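Numbered by my numbering, the letters in the sequence shown go through residues 171 to 687 in order. Just so you know, even glycine gets a beta-carbon here, dropped at the ideal spot from N, CA and C. All values derive from a computational prediction rather than experimental measurement. For reference, the structure discussed in these notes is given below.
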Amino acid sequence: MKRLVALAPLLAALPGAACAQTASETVIAKGNPILADGRFYTTDPAPLVDGDTLYILTGRDMAEPEVNDFIMPEWQLLSTRDPASRKWRHTPGFIRPENVFAWAEPARAYAGQIVKGPDGRFYFYAPVLEKNSDAKDRFAIGVAVADRPTGPWKDAHPSGPIISQKLPVANNIQNIDPTVLLDDDGRVYIYWGTFGQLRGMELERDMITPKGPEKRIEGLTGFFEAPWILKRKLVYYMLYAGNKAGPDSACTPAVYHACQAWGTATSPLGPWTYRGVALRPVSSTTSHAGAVEFKGKWYMVYHTADAVGGGHFRRSVAIDEMQWDDSVSPAAIRPVVPTRAPQPAPKPTRNIAGSASAVSSNVVPVQYWIAALNDGKVRANPLPPEMWGTWNGNNPKQPWVEYRWAKPVTVDGSRVYFFADQPAGSGIGVAPPAAWRLEYWDGAWKPVAGTSGYGTTPGAFEEVRFAPVTTRCLRMVFDASGSGPYAGVGVQEWEVLAPRPRVPAAAGVAAPACGKN
Ligand code: FUB
């Protein structure tokens with residue numbers, strides 16, 4: 171990424187206003203993510219168009235690599251006059267909760283949105299932690315106001331949040347992820363929520379005061395969080411992170427990985443109808459998107475874990491075109507095709523697992539993801555979807571997992587990285603298997619010969635060398651730990667080694683079974 175300018179436009183502090191103090195710089199992105207070099211992670215994008223500029227409000231992830239937590243001290247701003255130019259202005263340190271809202275704690279600058287009001291001013295809806303609250307969950311939504319999207323920002327409701335577990339009526343949800351629509355008739359609607367709870371409410375025309383009533387929004391199948399409201403051609407659209415998971419789900423195979431789903435309504439507070447999937451799961455577990463029309467094209471902005479050093483808590487904003495299918499009614503959002511900046515050529519490796527498709531004996535419980543087996547990633551502190559596993563409370567005694575290649579491969583080694591949260595011998599939780607072996611298909615399942623031994627230590631690669639075999643299908647067969655009940659088996663990564671390194675083939679498409687399973 172080439173940096174062109176590094177200026178420090180220190181914004182003058184107005185009385186009672188927050189000043190954005192960090193240097194902004196111009197960045198030419200190579201593609202997605204926009205900021206990809208790992209210096210700044212950008213998250214929870216919320217687009218805003220004003221005049222000839224597309225702004226994206228983002229959060230900032232600052233978690234250390236193995237920390238599974240949202241460490242988010244501030245919001246940042248990206249802006250461009252032309253997404254195709256890939257030229258962006260980036261302002262870190264744009265807003266910090268404690269600088270704008272006297273009643274808010276520092277940190278947890280979660281997903282917010284800036285909306286232009288009927289008075290031409292800009293309203294920033296910000297989920298923050300309320301300092302002096304005895305609510306069970308202290309997340310609350312405040313509103314700040316500014317004359318320009320770039321600020322300076324000032325609390326528009328200094329007495330405190332407009333929405334919390336106590337305001338405007340008591341609720342018991344986590345009050346985050348606000349999204350706001352200024353409708354064509356001047357009425358204003360706010361939606362928010364997470365963990366499957368979506369609320370909607372009318373605001374007064376001042377963009378600030380709750381008018382009520384606070385309503386549960388139903389009908390958006392699999393709603394998890396991150397609502398984004400928009401209106402096009404008289405139809406209301408809601409994009410949202412959905413996690414209706416299962417092997418046959420159009421949204422996601424793994425409950426931790428959301429898709430971007432969408433639904434429509436003909437009036438702002440519903441009834442809403444689920445319509446489909448607008449973006450398949452991305453590389454981060456959370457999926458958070460916004461969509462906007464800018465200079466005649468629609469764009470979806472979303473985040474991924476694709477930047478250097480990225481992860482589920484080190485996310486980065488991407489932008490891609492979003493297209494409509496106007497041949498149907500209501501017009502449909504065509505699934506967005508995510509793009510990435512050109513990646514370095516892959517290095518030669520003995521590991522050919524990436525070109526195989528994986529299947530297993532068990533219906534994979536939705537907390538796991540079989541795609542994790544050959545994604546080339548191991549973590550010291552993995553989340554469940556970063557492994558394949560069998561734990562479902564009634565764990566199988568002898569499960570297996572299998573790689574299938576489209577054409578026969580010759581292999582003579584394997585490396586496996588077990589996950590365990592229980593010690594060897596345990597019959598509960600996920601424990602190292604009591605034993606395991608490799609079998610290959612040669613008209614029947616046969617054990618590989620001349621093995622160097624099958625280690626079971628979790629948290630490090632266990633390597634097995636064996637006499638070369640040529641096959642299209644290779645299995646790991648496990649004897650689960652315990653003597654009934656049995657512990658689950660968990661594998662973060664399973665590599666299969668060819669005798670000599672070669673440039674890896676493309677990711678495997680589903681290959682046919684070798685025999686009867
Ligand atoms: O970034 C913190 C939270 O993660 C957001 O509020 C959610 O939408 C998810 O993206």
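Opposing strand residues paired with residue i [DSSP bridges]
i, result
"R607", "V647"
"I503", "W494"
"W442", "BP columns for W442 are empty, so no partner."
"W468", "E463"
"S584", "V634 and V666"
"S249", "Y225 and R259"
"W398", "L409"
"L404", "Note: L404 sits in no beta bridge, so no partner."
"W393", "The sequence given here has Phe at residue 393, not Trp. Answer is G412, bridged to F393."
"G481", "R484"
"V315", "Y293 and K324"
"E236", "Answer is none; E236 lacks a bridge partner."
"M371", "I360"
"S616", "Note on residue identity: the sequence assigns Lys, not Ser, to residue 616. Answer by DSSP bridge pairing, in chain order: Y610."
"V534", "V534 is not bridged to any residue."
"C684", "Paired residue(s): none; C684 is not in a bridge."
"T213", "G229"
"S457", "Note: S457 sits in no beta bridge, so no partner."
"L352", "V358"
"A431", "Y410 and V447"
"A193", "None; A193 has no bridge partner."
"E384", "Bridge partners of E384: none, in fact."
Sequence-distant residues of its chain with Cβ nearer than 6 Å to residue i (five each side left out)
i, result
"G481", "A475"
"A420", "V447"
"P590", "Note that residue 590 corresponds to Ala in the displayed sequence, not to Pro. Cβ within range, chain order: V600, A601, P602 and P628."
"M377", "G287, Y293 and V358"
"E395", "D347, T364 and A411"
"A272", "none"
"A435", "Y406 and W442"
"L439", "G370 and K385"
"T349", "Q283, Y361, P397, W398 and I399"
"W561", "V600 and G658"
"D496", "none"
Any non-hydrogen atom of the ligand FUB closer than 7 Å to residue i Cβ
i, result
"D347", "yes"
"H458", "yes"
"Y280", "yes"
"M408", "no"
"F393", "no"
"D490", "no"
"D239", "no"
"G229", "yes"
"M232", "no"
"M242", "yes"
"T213", "yes"
"A274", "no"
"A726", "Since the displayed the chain opens at 171 and closes at 687, residue 726 lies outside it and no answer follows."
Neighbourhood of residue i by C-beta, 8 Å cutoff - its chain only, sequence neighbours within 5 removed
i, result
"A605", "Y624, T626, F648 and D649"
"A305", "S334, Q335 and K336"
"S622", "E633, V634, R635 and F636"
"Y211", "L205, R230, D231, M232, A477, G480, R484, R485 and S486"
"G382", "P338, V339, M371 and E372"
"C684", "R574, W611, T641, R642 and C643"
"G597", "S651, G652, S653, G654, P655, Y656 and A657"
"V679", "S527 and A576"
"G559", "V534, P535, Q537, Y538, F589, V600, G658, V659, G660 and V661"
Cut-off 7 Å between Cβ atoms - residues of its own chain near residue i, not counting five sequence neighbours on either side
i, result
"E234", "none"
Near the ligand FAD: residue i beta-carbon under 7 Å from a heavy atom
i, result
"Q662", "As far as ligands go, the structure on display features the ligand FUB and does not contain the ligand FAD."
Checklist entry - Are the region 669-686 and the region 515-528 touching, with three or more C-beta to C-beta distances below 8 Å? => result The region 669-686 vs the region 515-528: in contact.
Next on the checklist: So, does the region 450-458 touch the region 561-568, judging by three or more C-beta pairs under 8 Å?
Outcome noted: Taking 8 Å as the limit for Cβ pairs, the verdict is that the region 561-568 does not touch the region 450-458.
Item to check | At least 3 beta-carbon pairs within less than 8 Å: the region 421-431 vs the region 533-545 | outcome: Because the criterion of three Cβ pairs below 8 Å is met, the region 421-431 and the region 533-545 touch.
Item to check | Any 3 or more C-beta pairs closer than 8 Å across the region 203-221 and the region 452-464 | outcome: They touch, by the three-pair rule.
Next on the checklist: Counting beta carbon pairs with one atom in the region 239-250 and one in the region 274-281, are three or more of them shorter than 8 Å?
Outcome noted: Output reads yes: the region 239-250 touches the region 274-281.
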